[in-house]
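Some notes on the structure that comes next.
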Amino acid sequence: MKKFLAILMTVCLMASALSVTAFAALLEKFDAAPVGVVLRVSGLKRDGTAAPESVKDYHNFADGWNAAIEGALTNNYDRIVVDLYADWVATKGEFCDDGEGFSYDAIYVPENARVTLNLGGHTINRAMTTWEYNGEVMFIDESADVIINEGTIKGGWSCNGAGGIHVEEEAKLTLNNVHIVGNTADDDDGGGIALYGGASLVMNGGSFRDNRLVGTVGGSFGGAVYVDDSTAVFNGVEFKNNLSDSDNRYGVAVSATGSTVTFKDCTFEGNGLEASNSSYMDSLSIIYGSGSSIMAENCTFNNNRAESMIRLSGTYLTVNSSTFKNISDTGILIKTANGSEIHVVGTTFSDNKAYAVSGNGTRNDFKSSSFFRNCTLKNTNGEEGTFTSIRTDLTFYDCTFSNCKANDISITKYIKIEHSSVSREEAVMGVTGLREDGTTVSVQYYKDFAAGWTFAMNSAKTGLYDSVAVDFYTDWNTEEYGAITIPENARVTLNLNGHTINRNRTYCDFDGEVICVEQNANVIINNGTVTGGYGYDGAGGIHIKDNARVVLNNVNIVGNRASGSNGSGIAVYDGATLVMNGGSLSDNRMSEGQDIVSGLIPLFPYGTLYVNDATATLSDVTINHNYTTSERSEGVAVCADGSTVTLNNCVVSNNAKTEDGDYSISVISAYTSKLIISNTDFTGNGGISETDDPDYSHLFYLEDSSLDLTGGKI
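For the working numbering, count along the sequence shown from 1 and bump the result up by 299.
Structure below.
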């Protein structure tokens, strides 16, 4: 009792000297680390709160981990949380050989389990002294979802997959400030982490240090990370002193096959160096990509040693605002083959005794669209020069060369060094690269629309920037270029600045629209006009494909045509979304077409705005003077099919007349759809009540649909 009172008095005295917040934190610390407890297991309910009855403390790591995994397998909780209160070191390389939580003496997370592991600054160490077939520290099975926070994973040594963490198909791994240290892949891939078959890794902070590729076979991949048909994102991660013992190792830091890998704010230092028989060996690469997409932004490569820093085969590479320096041995900074495409922007290469870029000496090493832009090359050269073995056109735009050796004379004709003097005043188009937070990375000006648009869309397609903004400084007649295409998944803003994009088509074409927005793209178009499209498939003006999102602000869709197709102005398909604020849909025309195969079956057009299994919301938009040459046209203003269409404060006027003034079926049609119309005026729409035929002259034609009509006038 006296001891208890003494402790209580001590705590009270401490409380008087500490702030309330600090005292609460101290009590929480006392509560979080009970004497002798090494591991705590708790369950999270579906709403994310802890279930008090689930909290249990363990004095033995293996017992606690087995209990955690058993809890994850019961599905009684949304996620199991494990808190570590001490370092966990395996005995002779064995964590445990019994229970649901272990496999081949490694820590195991079963299929579909959802587990969060809070290391609390502690280390899990398998302490392997030689390889084993399943010698990894942790094995994460298919479709599991694992989060690991604040600590270190080390000491694995495997010849079957990863040394540190092995991640199986479709599993998700998130690491927050975790250090993957001193793990080894022996005649296999992924010294630190290996991802397979649709797995994903997101790593925020932390590091990969002193992981290795070793063995006798050679041809191993990924000293720190191996990514196979998977996705990995690294934010602020350090890759340091990851090594190999053979020059036949690929990606001593990271290797990607058929995958997408993103690095932001990462550092690569001292990788590729391995003392072997008292001499240094040069591995084949620090980063390796095969059939992959790799993006590095604001990254630093310093004092690494390999035959090449980045080695590519059939891979897209984008490097933005990064630095390569102090490569002290003869080698290659970027080496590519098999039709790889590289975009390097705003990057500095300095004090490197290496070639800046090389191919394998064949015509298809680079795609001709590869380029360096606004880069600095200083004191960067190999034995013969700055470039070597390039047999495909490679362009350096507005780059600075300082104290670099002259190019090898045999490849000079393939290198284009161009310095643009295009000012804002003489440009027709500006392209701005933006980070996710909206800050500007790069601004380029172009005298030629096609060159500017190609650069902008390539940048958007390959993820060079988080988003791309294109500014128009004059009208663009795209007749000779065809439809303007915005690629899948791209994030693009078009600032028309009052100007017009005009396709100027005088005849129908299968893809005759002015703008085609591909699947899942996210597009904003501001202040201008889209005109002159004449389409057979999809739309006349803007064709919006599956799951894309398009926002039009004060844009006029004017004078477009569709023949035997839907959406003379705009067509929205399959899960896509259109938001239109201000502007107009005016003077667009629909005409009857013929089946393209037989040429005999007539096709009747629907909708200046056609919305199919999608969503459209129009506010303060004028829909007027749209017409059709076919009396079988439906929804000459709007046609909705399996969709939701909302009109707020709009004007729908003088639509639906055929070319000879005859009537048509309807101004607005809806099939299995929902129309929500508020404060919208309908006036002067021709053909209304001009016939007694019940199949024609409807303002609204509804089939299995609903109409919510409030305010406005008819």
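Every residue gets a Cβ at the ideal spot worked out from N, C-alpha and C, and that includes glycine.
As the structure is a computational prediction, the values presented were derived from the model and not from experiment.
Counted within 10 angstroms of its Cβ, other Cβ atoms place residue i as buried (16 or more) or exposed
{"i": "Gly518", "result": "exposed"}
{"i": "Glu282", "result": "Missing from the structure shown is residue 282; the chain here goes from 300 to 1013 and no further."}
{"i": "Phe809", "result": "exposed"}
{"i": "Asp509", "result": "buried"}
{"i": "Ser701", "result": "exposed"}
{"i": "His358", "result": "exposed"}
{"i": "Ile814", "result": "buried"}
{"i": "Lys539", "result": "buried"}
{"i": "Gly462", "result": "buried"}
{"i": "Arg378", "result": "buried"}
{"i": "Glu778", "result": "exposed"}
{"i": "Ile1013", "result": "exposed"}
{"i": "Tyr432", "result": "exposed"}
{"i": "Glu640", "result": "buried"}
{"i": "Ser402", "result": "buried"}
{"i": "Asn706", "result": "Since pLDDT at Asn706 reaches only 47, below the 50 mark, its modelled position is unreliable, and no value is offered."}
{"i": "Ile710", "result": "Confidence at Ile710 is low in this model, with a pLDDT of 47, below 50, so its placement is unreliable and no value can be given for it."}
{"i": "Lys391", "result": "exposed"}
{"i": "Arg548", "result": "buried"}
{"i": "Asn776", "result": "exposed"}
{"i": "Arg345", "result": "exposed"}
Distance, residue j Cα to residue i Cα
{"i": "Ala939", "j": "Thr799", "result": "28 angstroms"}
{"i": "Phe999", "j": "Ile922", "result": "15 angstroms"}
{"i": "Ala366", "j": "Ser499", "result": "26 angstroms"}
{"i": "Ile631", "j": "Glu717", "result": "23 angstroms"}
{"i": "His924", "j": "Met889", "result": "12 angstroms"}
{"i": "Thr687", "j": "Asn673", "result": "21 angstroms"}
{"i": "Asn417", "j": "Glu449", "result": "7 angstroms"}
{"i": "Thr784", "j": "Tyr772", "result": "19 angstroms"}
{"i": "Asn411", "j": "Ser442", "result": "5 angstroms"}
{"i": "Ala875", "j": "Asp1003", "result": "22 angstroms"}
{"i": "Trp430", "j": "Asp485", "result": "7 angstroms"}
{"i": "Ala531", "j": "Ile464", "result": "14 angstroms"}
{"i": "Tyr905", "j": "Arg734", "result": "40 angstroms"}
{"i": "Asn801", "j": "Asp1007", "result": "36 angstroms"}
{"i": "Gly668", "j": "Asn602", "result": "Residue identity check: residue 668 is Ser in the sequence provided, not Gly. So the alpha carbons of these two residues sit roughly 30 angstroms apart."}
{"i": "Gly737", "j": "Met608", "result": "30 angstroms"}
Any chain D beta carbon closer than 8 angstroms to residue i
{"i": "Leu418", "result": "The chain inventory of the structure shown lacks chain D, comprising one protein chain alone."}
CA nearest to the CA of residue i, picked from the options
{"i": "Thr805", "options": "Gly839, Thr792, Asn821, Gly827", "result": "Gly839"}
{"i": "Leu583", "options": "Trp430, Arg604, Gly882", "result": "Arg604"}
{"i": "Val445", "options": "Asn953, Val408, Thr428", "result": "Val408"}
{"i": "Ser977", "options": "Asn953, Thr907, Leu500, Thr1009", "result": "Thr1009"}
{"i": "Cys703", "options": "Gln743, Ser657, Val721, Ala653", "result": "Ala653"}
{"i": "Ile824", "options": "Gly834, His642, Leu795, Leu693", "result": "Leu795"}
{"i": "Ile856", "options": "Tyr835, Asn880, Gly863", "result": "Asn880"}
{"i": "Ala820", "options": "Ala759, Val354, Phe623, Thr773", "result": "Ala759"}
{"i": "Glu933", "options": "Met427, Thr699, Gly941, Ile967", "result": "Ile967"}
{"i": "Gly370", "options": "Thr679, Trp387, Thr415, Lys391", "result": "Thr415"}
{"i": "Thr451", "options": "Thr348, Gly420, Val643", "result": "Gly420"}
{"i": "Thr731", "options": "Asn954, Glu449, Val388, Ser766", "result": "Ser766"}
{"i": "Lys746", "options": "Glu735, Met756, Val727, Phe754", "result": "Val727"}
{"i": "Trp724", "options": "Arg848, Gln743, Ala955", "result": "Looking at the sequence itself, residue 724 is Glu, so the reference to Trp does not match. Considering only alpha carbons, the answer is Gln743."}
{"i": "Ala523", "options": "Met502, Val516, Thr515", "result": "Met502"}
{"i": "Tyr909", "options": "Val935, Gly866, Thr943", "result": "Gly866"}
{"i": "Ser656", "options": "Ser668, Thr646, Lys634", "result": "Per the sequence presented here, residue 656 reads as Val, with Ser not at that position. It is Lys634 whose Cα lies nearest to the Cα of Val656."}
{"i": "Thr647", "options": "Asn637, Asn659, Lys677, Ser667", "result": "Lys677"}
{"i": "Phe665", "options": "Thr428, Gly490, Ser620, Gly613", "result": "Gly613"}
{"i": "Thr428", "options": "Gly481, Glu817, Ile447", "result": "Gly481"}
{"i": "Gly832", "options": "Gly400, Ala782, Asp873", "result": "Ala782"}
Those residues which DSSP pairs with residue i across a bridge
{"i": "Arg790", "result": "Asn821"}
{"i": "Ala939", "result": "Val910, Ala969"}
{"i": "Ala287", "result": "Coverage of the chain is limited to positions 300 through 1013, which leaves residue 287 absent and any answer about it impossible."}
{"i": "Val532", "result": "Val501, Thr561"}
{"i": "Gly834", "result": "Asp808, Ala861"}
{"i": "Leu884", "result": "Ile856, Ile922"}
{"i": "His421", "result": "According to DSSP, which records beta bridges pairwise, His421 is partnered with nothing at all."}
{"i": "Val553", "result": "Val524, Ile586"}
{"i": "Cys815", "result": "Thr784, His842"}
{"i": "Glu537", "result": "Ser506, Thr566"}
{"i": "Leu1016", "result": "Nothing can be reported for residue 1016: it is not among the residues displayed for the chain, which extend from 300 to 1013."}
{"i": "Glu1002", "result": "Tyr970"}
ask   = Can at least three beta-carbon pairs, one atom from the stretch 455-470 and one from the stretch 374-385, be found at a separation below 8 angstroms?
value = Counting Cβ pairs under 8 angstroms, fewer than three are found: no touch.
Any 3 or more C-beta pairs closer than 8 angstroms across the stretch 548-564 and the stretch 592-604 = yes
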